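Colleague: Be aware that the first sequence starts at 450, since it is given in this note's numbering, and climbs by one per residue. Glycine residues also receive a C-beta, built at the ideal position from the N, C-alpha and C atoms. Just so you know, these numbers come straight off a predicted model, no measurement behind them. Here it is, the structure in full.
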Amino acid sequence: MGNSQRYFYGKTDKLKSRKIIDLIFSKGKSFSNFPFRVIWMPVANNAVLQTGIAVSSRNFKKAVDRNRIKRLMREAYRLQKNELAESLISHKITLAVFILYIGKEMPAYDVVFEKFTKIISRLIKITDAAIEESV
RNA sequence: UCUAUCAGCCGACCAUCGUUCCGCUUGCUUGCAGGCGGAGAGGAAAGUCCGGACAGCAAAGGGCAGCAUACCGGUUAACAGCCGGCGUUGGGUACCAGGUUCGCCGGGUGUACCAACAGAGACAGUGCCACAGAAAAUUACUUCCGAUGCCCCAAGGGCAGGUAAAGUUGAAAACGUGAGGUAAGAGCUCACGAUGUUUGCUGGUGACAGCAUUCAUGGGUAAACCUUAUGCGCUGUAAUGCCACGUAAAUCCUGGUUUGGACGAAUUCUGUUUGUCCAAAGUAAGCGGCCCGUUUACUAUUCCCGAUUUCGGGAUCCCGGGAAGGGUAGGCAGCAAGAUUGCAACAGUAAUGUUGCAGCCAGAUAAAUGAUGGUCGUUCCGCGAAAGCGGGAUUACAGAAUCCGGCUUAUGGCUGAUAGAUUUU
RNA sequence: UGGGUUAUGGUGUAAAGGCAGCACAACAGAUUUUGAUUCUGUUUGUCUAGGUUCGAAUCCUAGUAACCCAA
450 MGNSQRYFYG
460 KTDKLKSRKI
470 IDLIFSKGKS
480 FSNFPFRVIW
490 MPVANNAVLQ
500 TGIAVSSRNF
510 KKAVDRNRIK
520 RLMREAYRLQ
530 KNELAESLIS
540 HKITLAVFIL
550 YIGKEMPAYD
560 VVFEKFTKII
570 SRLIKITDAA
580 IEESV
């Protein structure tokens with residue numbers, strides 16, 4: 450790492466393991482910031498921060514719309530997640546996060562971007578608090 | 001200009017950041033990070049409605065059941081697709097005769113036009129056809145008649161009986177019109193016509209068409225059962241094979257024979273024990289429904305009880321089958337060169353096929369192909385005589401998931417070709 | 001990805017091809033000083049589009065929506 454000016458969201462940064470996803474959904478903690486719902490949990494893993502993204506096919510029947518929303522979410526996350534990663538590195542924990550879109554209408558990119566800034570700052574706050582508790 | 005059909009295309013470039021795969025390269029922690037280069041959604045990728053390829057079920061046999069298809073010929077790997085033809089129905093148009101209130105009306109025939117057709121069989125059989133109506137398929141309500149027979153008997157009437165021409169109903173009513181015939185009637189007979197059937201001839205590969213002939217005329221429904229013909233074994237790439245990790249080598253249920261023959265061995269030697277092979281029966285499993293047929297297996301240690309050569313019952317071990325349950329959620333192959341794409345020539349009415357040349361064209365797996373800005377192009381709105389200026393949009397339907405051939409459904413705009421209609425010259 | 005089932009008033013559910021019912025709900029009226037209960041009446045429907053048939057909720061074809069299963 451150390452090159453924090455660059456904004457990657459590659460293969461290793463994505464949460465792909467079925468095992469961890471099942472674990473996170475059954476035992477992880479969550480909060481909502483409409484139209485998003487965030488599920489997170491500290492997990493022992495090789496990567497510092499892994500994030501998954503999903504849109505319900507119940508709310509969006511067409512694959513085109515689901516892909517569109519996921520692309521917007523990925524873009525917003527990619528540009529803002531470095532702050533969170535740095536905080537995690539300084540605290541020396543690894544985190545798994547899963548973000549769901551629970552709205553029922555197509556979002557605009559500006560709204561998604563603003564919501565993600567709030568989500569990221571809240572995640573940083575929460576992890577700091579958790580570390581202090583455990584210490 | 002509009003409509004229909006067919007074919008083609010859906011913005012271009014630059015900058016910044018990013019994404020999946022491949023190749024080269026640098027670094028080391030040997031599978032990760034950086035750099036450079038290349039490739040990266042569709043006509044329907046969709047629905048999953050058909051047909052195949054491919055894989056597994058040992059091999060994929062026969063019959064029944066089940067499912068699908070249904071005019072003919074061609075095409076194809078195959079198809080319920082496609083192409084060409086045949087027939088039926090409807091429309092249009094032309095002609096013919098008729099009626100007319102001169103506006104037109106209904107009928108018949110032909111056709112090189114257009115459209116639709118689940119377009120085999122209702123003369124193999126069974127079922128069904130509400131309400132209405134006499135009657136919905138061997139029937140008779142109102143009628144008509146009562147020649148024949150019987151009764152009252154002058155006329156005439158009644159009954160038995162005959163009849164289905166006329167009437168009403170209905171979606172559908174027992175070939176149509178005319179004449180003969182009769183007691184009244186009836187294809188009962190005849191003429192013309194309609195429809196079907198038998199046989200023959202001609203043309204056509206064939207569906208079929210034309211002509212002659214024979215017999216008939218009792219509706220509809222097979223997207224009711226069914227009959228005939230043809231085809232189909234079942235399951236699907238999350239199939240399947242391999243590697244790694246891990247669990248349960250646990251639990252429950254069930255099966256693990258009999259007879260005969262040949263050859264050999266042992267022995268207490270004409271009887272026992274045992275090995276191999278063959279045959280028959282039996283049991284189990286497979287050929288995913290059933291039957292036939294067929295294939296494979298029937299290898300087993302020790303102990304206890306009854307009985308005491310044989311045998312019966314039970315437990316344990318081993319093997320086969322099944323049930324429920326436990327574990328894994330990682331990787332590789334399948335998996336991207338093919339019924340392939342483009343162009344040309346040839347064969348064919350066409351669908352399509354053959355040959356030649358050139359090309360390699362997505363491969364993800366919580367699932368890549370994106371975001372921002374600018375210029376140009378396209379288009380919309382407003383102002384304006386115009387040049388132009390300002391603002392907006394950059395699009396419809398829609399996102400690969402094993403791969404192909406079709407079908408169906410959703411779809412905005414632009415370009416070209418063909419056909420038709422209208423207007424102007 | 002592959003396979004299957006269903007669709008009938010606002011809700012739950014019946015109906016051999018022949019008048020589309022039942023219960024609850026809603027609304028109105030009666031009873032009651034008022035409300036509840038009870039009684040009477042009314043409204044609202046075969047998922048959509050074609051086809052077969054004289055006639056379709058039912059049969060056939062295509063579509064739409066909802067649900068379920070395999071791992």
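(1) For the segment 496-552, which segments carrying the alpha helix (DSSP H) assignment without a break, of at least 4 residues, lie completely within its bounds, in sequence order?
(2) Following the continuous beta strand (DSSP E) through R486, name the residue where it begins and the one where it ends.
(3) Alpha carbon to alpha carbon, what distance is there between V487 and S481?
(4) State the Cα-Cα distance for the pair I580 and E535, rounded to the nearest angstrom.
(5) Assuming G501 contacts L528 under a Cβ cut-off of 8 Å, what Cβ separation, rounded to an integer in Å, is found between them?
(6) Using only the alpha-carbon positions, how far apart do R455 and E524 sit?
(7) For I573 versus Y550, is the C-beta spacing smaller than 7 Å?
(8) Beta carbon of F547, beta carbon of I469: below 7 Å?
Modeller: Inspection of the coordinates gives the following:
(1) Listed in chain order, the complete alpha helix (DSSP H) runs (minimum 4 residues) inside the segment 496-552 are 512-529, 531-540.
(2) According to the DSSP assignment, R486 belongs to the beta strand (DSSP E) that extends over 485-491.
(3) About 6 Å.
(4) Distance from the CA atom of I580 to the CA atom of E535, rounded to whole angstroms, is 15 Å.
(5) The pair is not a contact, with the Cβ atoms about 18 Å apart (cut-off 8 Å).
(6) Distance between the alpha carbons of R455 and E524 is about 13 Å.
(7) Going by C-beta atoms, I573 is not nearer than 7 Å to Y550.
(8) Not a contact, by the Cβ cut-off of 7 Å.
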